[in-house]
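Engineer: Structure below; questions to follow.
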Amino acid sequence: MEAVRIMDAFIGRPGVFLPRVILVDSMGNHLGTTNRTWLPTFEKSRKAELLDYELTGTDMPLTNPPEQEEELENAYRGSRLFRFSPDDPQG
307 MEAVRIMDAF
317 IGRPGVFLPR
327 VILVDSMGNH
337 LGTTNRTWLP
347 TFEKSRKAEL
357 LDYELTGTDM
367 PLTNPPEQEE
377 ELENAYRGSR
387 LFRFSPDDPQ
397 G
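According to the working numbering, the stretch in the sequence shown is residues 307 to 397, in order.
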């Protein structure tokens, strides 16, 4: 592959650049990935459901937790995870 040769020359040593190809079927379903373990299959909404978290309006990851400490603490105290933690006063 020409891209591998070019990147090896750019990086200065061979074998560092390993292109990854995501294989999908005609419907867009993930079949496999080269040079990597399987991609995660959970969607953000499924993860949030499993962890009992609420999604933000933008579905973006939290980037600055200290600015949202009170909101995060309230969300945690309302989650099922809190009910099983040593922090739960009723626990």
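Idealized CB from N, CA, C, for every residue including glycine. On a predicted model such as this, the values are computed, not experimentally measured, just so you know.
1) Please go through the same chain and pick out, in chain order, the residues whose beta-carbon is closer than 7 Å to the beta-carbon of Phe323, but skip the five residues on each side of it.
2) What would DSSP say about Val330, mapped onto helix, strand or coil?
3) Kindly indicate the opening and closing residues of the beta strand (DSSP E) around Leu337.
4) In three-state DSSP terms, what is Asn370?
5) Using only alpha-carbon positions, find the residue among Gly321, Pro320, Ser385 that is nearest to Glu355.
6) Helix or strand or just coil, what does DSSP make of Leu324?
7) Could you give the distance in angstroms between the alpha-carbon of Asn370 and the alpha-carbon of Ala381?
Structural biologist: With the structure as the only source:
1) Within the sequence shown, numbered from 1, the residue matching residue 323 stands at position 17. Taken in chain order, the residues that qualify are Val310, Met313, Asp314, Ile317.
2) Stepping through the sequence shown from its first residue, residue 330 is reached at position 24. Strand at Val330.
3) For the purposes of this step, residue 337 is identified with residue 31 of the sequence shown, where counting begins at 1. 336-339 is the span of the beta strand (DSSP E), which, as asked, contains Leu337.
4) The residue you call residue 370 lines up with position 64 of the sequence shown. The answer is coil: DSSP assigns Asn370 none of H, G, I, E or B.
5) Taking the sequence shown and counting its residues from 1, the one referred to as residue 355 is at position 49. Here the closest residue by C-alpha is Ser385.
6) The count along the sequence shown starts at 1 and reaches residue 324 at position 18. In the structure shown, Leu324 sits in coil (DSSP, three-state: anything other than H, G, I, E or B).
7) Indexing the sequence shown from 1 puts residue 370 at position 64. Indexing the sequence shown from 1 puts residue 381 at position 75. Roughly 16 Å separates the two Cα atoms.
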